[in-house]
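Chains as they are written, first to last, in my numbering: chain A, 1 to 310; chain B, 1001 to 1244.
Just so it is clear, CB atoms sit at the ideal spot from N, CA and C, and this is done for glycine as well.
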């Protein structure tokens, strides 16, 4: 269609100057489409797609490190002549890469939330059909799905590799088929909790650098403090402290889902996080529910944060 | 002129909210130490294992690198970000002097907030100045670590404007993850220098390190010197680009 000549008096009130603004009468896709677009944009930004070189390198370096253990397992499994070789077991995987996961959450959360604030695009978003709640939830969803690539993906890769490496792949899959739902359930719970917590912390920080440091500090400080306090103070009430450390709770949830909570002995209190979780001696289903509750509460707080003045 | 720059930078670093946040972070190990002292199962003997775990896990692993990252990358970085670096570089001060001053102030700020935390944590958990001189080792290692980390990050911040995220990746991926997997990388990990220094200065058995004291000292000096040279090199060729 050729561009219409600005005709005097055609618009509603273009009386003095007619600048030739055109009306839009194409399809209007509404709020849900805008929400979907924001979500897709945030996921792309998380991996640096459509951005400069450094965000890309950063995201993919972290992605590579998160996969490194799975890759080593595959290589060793293929080279060594042993049939059922296990370098990392799936229930320990997240514990081994937890620093990388925290770093990813810190970098991406501060990025997808902080950039809009820094460039003052937040006001633009809120003048569109997107509601404030939509914005908050889209950001959380984007971070959670970005995290899936660092948690569920390496686990699936390891699963597939183990199946291909076994002497009778089909048999191996049949024997270990129950691992698949466990991988997905534990990974999704982790992503929901970490994603919502990360966005929550980042949404309160004024500057990007602050947001990043705060996320890292809160995850790792709580982890270290709880680890030291539980191992050094012989007091039954201390078991409640474990709920204060998201990394411990994730360990508990993953081990419960894989039905692999370690046995308790007198050394558990000073052992690995999973041992400390087992020492706390809560019924196992508490841990996944704690993660779920964390995600719900954190998401609600983020929504509340964006309803106020930001 | 140098003195002016020193005091200006000190104001920049310590006068802001981030200094308060780092100070709060530094209070946490002391609080944990107090909790262990009064609620824990410490006997009358000094518990070297407990002290080494608390200081190693908290100060060396978190407080020291985070403090040095915050101060080291903002000593020059925040001037670049705010655009005040133009006025700094327009003054007739040799660039190496600028880099050295920034590194000195960043190291000093990091020391000021982390070394007392090490000392207090050790003294509280061990119930005084112990005979194996763990308190001394922890404090000196923290001081050495403050200098090496801060200077390294000042140097890094002259190279890139994203020094913070690169520094974070270095500390929490390289030092925490890769160095655990491949021990050959112990030579390129400041944390190993810190632990090597601590190990050399105390006879307490639970303090272990992958590097000898001398090796750690040499590596620290090399890293500090290299950071200053690299920092000067890049600051001499610093171009004030378009404001992002």
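If you draw a straight line from the Cα of residue 1208(B) to the Cα of residue 1200(B), it is about 9 Å long.
Of the residues 1178(B), 1230(B), 1131(B) and 1016(B), the one whose Cα lies closest to the Cα of residue 1078(B) is 1016(B). The region 146–163 of chain A and the region 115–129 of chain A do not touch, with fewer than three beta-carbon pairs separated by less than 8 Å. Nearest in C-alpha terms to residue 1113(B), of all of 1070(B), 1131(B) and 1137(B), is 1070(B). Taking C-beta separations shorter than 8 Å and ignoring five residues to either side along the sequence, the partners of residue 242(A) in its chain run 226, 230, 248, 249, 252, 276, 277 and 280, following chain order.
Within the same chain, and ignoring the five residues on either side of residue 211(A) in sequence, the residues whose Cβ sits closer than 6 Å to its Cβ are 110, 114, 202 and 205.
The three-state secondary structure of residue 178(A), taken from DSSP, is coil.
Within the region 1170–1186 of chain B, the residues whose Cβ lies closer than 7 Å to any Cβ of chain A are, in chain order, 1172, 1173, 1176 and 1177. Annotation for residue 122(A): the continuous alpha helix (DSSP H) segment containing it runs 122–126. Each residue's CA atom was taken as its position, placing residue 101(A) and residue 92(A) some 14 Å apart. Chain B has a Cβ within less than 8 Å of the Cβ of residue 209(A). Judged by DSSP in its simplified three-state form, residue 219(A) adopts helix. The beta carbon of residue 76(A) does not come within 8 Å of any beta carbon belonging to chain B, so the residue lies off that interface. Contact between the region 54–68 of chain A and the region 1167–1185 of chain B is present, with at least three C-beta pairs closer than 8 Å. Annotated three-state conformation of residue 1195(B) is helix, per DSSP. Under the 8 Å criterion on CB atoms, residue 103(A) is classed as interfacial with respect to chain B. For the region 179–202 of chain A, the set of residues with a beta-carbon nearer than 9 Å to any beta-carbon of chain B is empty. Per the coordinates, the alpha-carbon of residue 1151(B) lies some 19 Å from the alpha-carbon of residue 1089(B).
In this structure, residue 195(A) sits near residue 140(A), with a CB-CB distance shorter than 8 Å.
Between residue 221(A) and residue 1061(B), the CB-CB gap reaches or exceeds 8 Å.
Per the Cβ contact rule, the region 1230–1240 of chain B is in contact with the region 1155–1165 of chain B (3 or more Cβ pairs under 8 Å). Annotation: residue 219(A) to residue 266(A) spans about 27 Å, alpha carbon to alpha carbon. Residue environment: residue 1001(B) is assigned as exposed (fewer than 16 neighbouring CB atoms within 10 Å of its CB, all protein chains considered). In this structure residue 233(A) touches residue 1040(B) by the C-beta definition: roughly 4 Å separates them, less than 8 Å. Distance from the CA of residue 144(A) to the CA of residue 198(A), rounded to the nearest whole angstrom, comes to 10 Å.
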